[in-house]
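For reference, the structure discussed in these notes is given below.
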Amino acid sequence: MKKLSNFEELPVEKLRWRCDPETLDFASTDELKVCPDIIGQERAVNALRLGLDIESLGYNIFVSGLVGTGRKTAINCLLGETARAKRIPDDKLYVNSFKNPDMPRLIRLPAGQGRNFKKDMDELIDYLGKNIALVFESEYYQMRKKEIVEEQNTKVKEILKGFEKEVAKENFALIQLQIGLFARPAIIPVIEGKPTNFDELAALAEAGKFQQAKLEKLEKKHSQLIDRMETVFKEIRGIEKTVQGRFKSLDNEVVTPLVKNRVEEIKERYKNEKVNEYLEEVRENILDSLDKFRTKAEEQTPPLPGVPLMEADPFLEYRANLLVDNYGAEKAPVIFETSPTYRNLFGTIEVAPERFGQWRADFTKIKAGSFLRADGGFLIIEALDALMEPGVWPTLKRTLRNRKVEIQNYFPFYMISLTAMKPEPIECDVKVAMVGDIFLYHLLYTHDEDFKKIFKVRADFDSVMDVRRESIMEYANFIKKIISNENLRPFGKNAVAAVVEYGVRLAGKQNKLSTQFN
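If you want our numbering, it's the 1-based position in the sequence shown plus 137.
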């Protein structure tokens, strides 16, 4: 074997890079300022700024790099610099759709007004629940109702009296036959001043004590009178229907001003088109469902133990479900979702068991996830966690592509959903930053066509930086930051030089410094 002997001998002093403490322009870290910036990640920081500033579709950010290179710290520091961070998003509420209860309606209001609207709806229903019952108990209402009843009773009596005369003229009698608990009207012939049913007359005719021809004539006349009685009772039922209509008109007459005034007050408070449409539906539904308001709220039967609230609250359909409340917010939301399950990210529709093994849901059971709560702001998630959770990755891609959140139940281990409810989709403008390693980025970029369309910006955090005077001073300033945060004693320049040497050793090259600060 040929022996290689043309290697240059390496002096022992070059085996280890040294940082001369005398080259440092300070005696201890007390003389330094805290480092405000991310060290050694200029390219990654510029990419982050680009992704955070561009509002166009698809400019979400994949943040790659080794653990400890300051990925999440950089995101957190840069979020406050963007114009988006200064915008406060709307409150979001779901309300009942009276035309289609399986499709709750969305209402968006300026931040802080959502809880006021929810409170106003609760107060409206509480007010009407007490005062509509008082209206129905009032002397004026009872007097008007009595007048209607007496007027219609007079008409019914006149019709029946006329029919009874008509029946008597034909030698028949109108009687009430008792059958069990119920009575029904019947027409029977009067023979020699005595009501006699047809069974008795048939027996007499068979015995030759009553003429068969006369019996047949009576049966024919009886059939005609029965037809006439049906006409009379149909007319009476028409009168009863008229009475119910007049009762409804009277109810609306006495209740409408009460409902209208309160509804108009709420409309005037918000001046929102969707609120106005919803309140009109509420007003119409209340006037069509006044029976539930006839009993005072405090006199209604209390819910039984174990009975779900949706059954206990008779006015549930008029409540408002405040999904996202931004009351008191001073900037756009920033959410670090540490557990990106489907439910935590995209929300859910809770279901409650009922009797007989059935399940039930309503619009008040709709719950928001962190994606919706981050609307108008930022959502940061771990890429690997999002890919591992069932259903999360395809839903995240679809939501970012369409910029709409569709809240639904997700049961990955069941063949069917427990509810058919489909709430109105919510338009969302969320900037997502997904944190992962470089291998995961290339895997997604290569095998998922949608990934490159929705994560157009990559911020790659390097694990090393060049050894320069400026970078050594940045190291010293960063040490000062840690000392301040952890309340440590100050470092002398010899200690700082030792830390810098250790950073070079971690980097594995004498012209590089490690940026893995953890």
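All residues carry an ideal CB built from backbone N, CA and C; glycine is no exception.
Could you give the residue range of the beta strand (DSSP E) that holds tyrosine 231?
-> Within the sequence shown, the letter at position 94 stands for residue 231. Tyrosine 231 -> beta strand (DSSP E) spans 228-232.
Where phenylalanine 500 falls, given that 16 or more other Cβ within 10 Å makes a residue buried | To locate residue 500, count along the sequence shown from 1; it is residue 363. The residue in question, phenylalanine 500, is buried, as its Cβ has 16 or more Cβ neighbours within 10 Å.
Which residues in the same chain as leucine 446 place their Cβ atom closer than 7 Å to its Cβ, once the five residues preceding and following it in sequence are excluded?
-> In the sequence shown, counting from the first residue as 1, residue 446 sits at position 309. With a pLDDT of only 42 at leucine 446, under the threshold of 50, the placement of this residue in the model should not be trusted, and no figure is reported.
Bridge partners - serine 165, DSSP secondary structure assignment = Here residue 165 is taken as the residue at index 28 of the sequence shown, counted from 1. Paired residue(s): Gly629.
Compare the C-alpha of phenylalanine 199 against each of Arg605, Tyr582 and Ser651 and name the closest.
-> As a first step, residue 199 must be located in the sequence shown, where it is residue number 62. When each option's Cα is compared against that of phenylalanine 199, the closest is Tyr582.
When DSSP labels each residue in this structure, what does proline 442 get in the three-state scheme?
-> In the sequence shown, residue 442 corresponds to position 305, counting from 1. Because proline 442 sits at a pLDDT of 47, beneath the cut-off of 50, its placement in the model cannot be relied upon, and the following sentence gives the value as read from the coordinates. The answer is coil: DSSP assigns proline 442 none of H, G, I, E or B.
Say whether the region 602-612 touches the region 630-638, bearing in mind that this needs 3 or more beta-carbon pairs closer than 8 Å, one atom from each stretch.
-> yes
How far does the beta strand (DSSP E) with methionine 571 in it reach, from first residue to last?
-> By one-based count along the sequence shown, residue 571 stands at place 434. Residues 568-573.
What are the residues that DSSP puts in a beta bridge with tryptophan 530?
-> As a working mapping, residue 530 is identified with position 393 in the sequence shown. For tryptophan 530, which the question treats as bridged, DSSP gives no partner whatsoever.
The alpha helix (DSSP H) spanning glycine 299 covers which residue range?
-> The residue labelled residue 299 in the question sits at position 162 within the sequence shown. Unbroken alpha helix (DSSP H) run through glycine 299: 276-306.
Taking proline 522 as the reference, give the member of Ile486, Asp227, Asp574 and Gly514 with the closest Cα.
-> Residue numbering aside, residue 522 sits at position 385 when the sequence shown is read from its first letter. Per the sequence shown, the amino acid found at residue 522 is aspartate instead of proline. With distances taken between Cα atoms, aspartate 522 lies closest to Asp574.
Measuring CA to CA, which of Phe473, Ile503 and Pro226 is closest to leucine 459?
-> The residue labelled residue 459 in the question sits at position 322 within the sequence shown. Here the closest residue by C-alpha is Ile503.
Find out if the Cβ-Cβ distance for the pair phenylalanine 515, valine 471 is shorter than 8 Å.
-> For the purposes of this step, residue 515 is taken as the residue at position 378 of the sequence shown. For the purposes of this step, residue 471 is taken as the residue at position 334 of the sequence shown. Closer than 8 Å, so yes.
Identify whether phenylalanine 347 lies in helix, strand or coil by the three-state DSSP scheme.
-> In the sequence shown, counting from the first residue as 1, residue 347 sits at position 210. The answer is coil: DSSP assigns phenylalanine 347 none of H, G, I, E or B.
Valine 412 - containing alpha helix (DSSP H), residue span = Position 275 of the sequence shown holds residue 412. Residues 410-425.
Mind checking who glutamate 564 pairs with in its DSSP beta bridge?
-> Counting from 1 along the sequence shown, the entry for residue 564 is found at position 427. Paired residue(s): Lys541.
Can you check DSSP and say which residues form a bridge with glutamine 313?
-> Locating residue 313 in the sequence shown gives position 176, counting from the first residue. Glutamine 313 is bridged to Pro322.
Any idea what DSSP makes of leucine 246, helix, strand or coil?
-> What you label residue 246 is simply residue 109 of the sequence shown in a count that begins at 1. Here leucine 246 sits in strand by DSSP.
Could you check the C-alpha separation between lysine 649 and serine 201 for me, to the nearest Å?
-> One-based indexing of the sequence shown puts residue 649 at position 512. One-based indexing of the sequence shown puts residue 201 at position 64. Cα to Cα, the separation comes out at about 20 Å.
Leaving out five residues on either side along the sequence, give the residues of the same chain with a beta carbon under 7 Å from the beta carbon of glutamate 526.
-> Along the sequence shown, one-based indexing puts residue 526 at 389. Result list for glutamate 526: Pro477, Thr478 and Tyr479, in chain order.
Roughly how many whole angstroms lie between the Cα atoms of lysine 559 and methionine 240?
-> Translated into the one-based positions of the sequence shown, residue 559 becomes position 422. Translated into the one-based positions of the sequence shown, residue 240 becomes position 103. Taking the straight line from one Cα to the other gives about 5 Å.
Taking the CB atoms as reference points, tell me whether leucine 311 and proline 322 lie closer together than 8 Å.
-> Reading the sequence shown from its first residue, position 174 is the one you call residue 311. Reading the sequence shown from its first residue, position 185 is the one you call residue 322. Cβ distance < 8 Å, so leucine 311 and proline 322 count as in contact.
Are the beta-carbon atoms of phenylalanine 235 and leucine 246 separated by less than 8 Å?
-> The residue given as residue 235 occupies position 98 in the sequence shown. The residue given as residue 246 occupies position 109 in the sequence shown. No.
If we ignore side chains and look at the alpha-carbon of each, how far apart do lysine 357 and lysine 351 end up?
-> Taking the first residue of the sequence shown as position 1, residue 357 is located at position 220. Taking the first residue of the sequence shown as position 1, residue 351 is located at position 214. Using only the alpha carbons, I get a separation of about 10 Å.
Bridge partner(s) assigned by DSSP for leucine 516 = If you number the sequence shown from 1, residue 516 lands on position 379. For leucine 516, which the question treats as bridged, DSSP gives the partners Ile472 and Val569.
From arginine 497 to glutamine 250, what does the alpha carbon distance come to, in whole angstroms?
-> Working through the sequence shown from its first residue, we reach residue 497 at position 360. Working through the sequence shown from its first residue, we reach residue 250 at position 113. Cα to Cα, the separation comes out at about 30 Å.
Does DSSP put lysine 385 in a helix, a strand or coil?
-> Residue 385 sits at position 248 when you count from the first residue of the sequence shown. It is helical.
Anyone know if the C-beta pair for alanine 469 and glycine 513 falls short of 8 Å?
-> For the purposes of this step, residue 469 is taken as residue 332 along the sequence shown, with counting starting at 1. For the purposes of this step, residue 513 is taken as residue 376 along the sequence shown, with counting starting at 1. In this structure, glycine 513 lies closer than 8 Å to alanine 469 by Cβ.
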